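To keep things clear, I will list the structure first and then write my remarks on it.
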Amino acid sequence: MTSSSPSKALCAPCGKNGVGIFKCEGCTQVFCRKHSVEHRDTLSHQLDNIVLEHDILQQTIVEYEDKQNHCHPLIEQINKWETDAIEKIRQTAQEAQQQVNKLISTQTEIVSKKLNDLAKRLRKARTDDDYVETDLQIWATKLEKWKRYITAVFHSININEDPTNILIAKMYISSTVQQLDFQERFGQVSGDIYIEDNGRVIKHAIIFINTKQKTVILSSTSSMPVPSVVLQK
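Its first residue numbered 0, the sequence shown is counted upward by one per residue in numbering that gives the first Met the number 0.
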């Protein structure tokens, strides 16, 4: 009775022409010695690209911060809103000032005309020496009346605000971008890294291949337990 030999895993790139001895825990494919090295080189190149993209993004953030935000289009939009708001307030205040001045001028012109008429009568009375006690009382009463009127005009003007008429719309900032989850956890990894701190940290390790014992040892750079992977026979 003969026993059949166990089937050997084939190298993914070689197909039927090569036997796989190393299984990648990332893509789960099996590679021969040659293609395992090539596979690692491919992953290393991809890692270089990721690092490059990281550096570009980091540089973009640094350049943005160096500009102190004043050149950003959103900041320019806020500055324009501020300028427009100030101009609207200035125009509204100027219009209110004109209304107050017109209202006061209208009333004071009436009293000024009466004072001019009274001044002519007083000069004539002094020149002609033609006045008695009753004339003095009448003139004094008129002056007191007009003085009370002018005082009343100043105190009768009130400045009110219309709550139904919004002069400046309040600005508020919103964003449609979802906040990043800074508690991201790494699930499954492959290659020369391992997971730590409940999936929050990955660390680098050094790979040693023992062809005699057909094992791959991940030599950790920390005190974390070192895992090993059995090579395919």
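For each residue, glycine too, the CB sits at the ideal point set by N, CA and C.
Every value quoted in this text rests on a predicted model; they were computed, and no experiment measured them.
Judged by beta-carbon spacing, G17 lies within the 7 Å limit of C31, meaning their Cβ atoms are closer than that value. Residue range R32 to D65 is occupied by the alpha helix (DSSP H) that includes E62.
L9 is bridged by DSSP to V18.
Per DSSP, the beta-bridge partners of V29 are K22. In this structure the segment 52-59 does not touch the segment 70-84; the number of beta carbon pairs closer than 8 Å is below three. According to the DSSP assignment, Y171 belongs to no alpha helix (DSSP H), since it is labelled neither H nor E. E132 has its alpha-carbon roughly 25 Å from the corresponding atom of S111.
When N48, D47 and C23 are compared, the shortest CA-CA separation from V36 is found for C23. Note that the C-beta distance between H44 and P12 is not below 7 Å. DSSP places I85 in the uninterrupted alpha helix (DSSP H) bounded by P72 to D127.
Boundaries cannot be given for I158, as no alpha helix (DSSP H) includes it and DSSP labels it neither H nor E. Annotated three-state conformation of I137 is helix, per DSSP. At a Cβ-Cβ threshold of 7 Å, G14 and V29 do not count as neighbours.
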